[in-house]
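Working notes, beginning with the structure itself.
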Amino acid sequence: MFQISEKYHSRDPGIPLPPHIYEIAENSYQALLRENQSQCHVISGESGSGKTESCKLIVQHLLRDAGSEETQLSAKINQVGHSIYHNF
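Residue 69 in full-length UniProt numbering is what sits at position 69 of the sequence shown, and the numbering runs on without skipping anything.
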């Protein structure tokens, strides 16, 4: 997965890549830097459609972009996600 994430991080703007969740994450990261404003992703879908996995991929890409060496990311996302899902 890291190699795919790296493609979207270091891509040449003139060379199109296929649509990917990492492209969404990269675009929001670049907008954060360019506009200096918070960014938001809305991930919706039915049970079992991959919302949690999509969230993990976005966060992993953003952490890689930011140069973070965060560990135990999946456990933290699951804790937060479990709390959020039960509030709706």
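For every residue, glycine included, the Cβ atom is placed at its ideal position computed from N, Cα and C.
Treat the numbers as computed from the prediction; the structure is a model and nothing was measured.
Cβ-heavy atom distance, Gly14 to the ligand ADP, below 7 Å: In the structure shown, the ligand ADP is absent, as is every other ligand, since no ligand is present at all.
Inter-stretch contact (C-beta, 8 Å, three-pair minimum) for the stretch 41 to 60 and the stretch 5 to 24: Counting C-beta pairs with one atom in each stretch, the stretch 41 to 60 and the stretch 5 to 24 have three or more that are closer than 8 Å, which means they touch.
First through last residue of the alpha helix (DSSP H) which encompasses Cys55: Translated into the one-based positions of the sequence shown, residue 55 becomes position 55. Counted as a single uninterrupted DSSP element, the alpha helix (DSSP H) harbouring Cys55 occupies residues Lys51 to Asp65.
Separation of Ser47 from Glu23, as counted between CA atoms: To locate residue 23, count along the sequence shown from 1; it is residue 23. To locate residue 47, count along the sequence shown from 1; it is residue 47. Separation of Glu23 and Ser47 (C-alpha to C-alpha, rounded to the nearest whole angstrom) is 24 Å.
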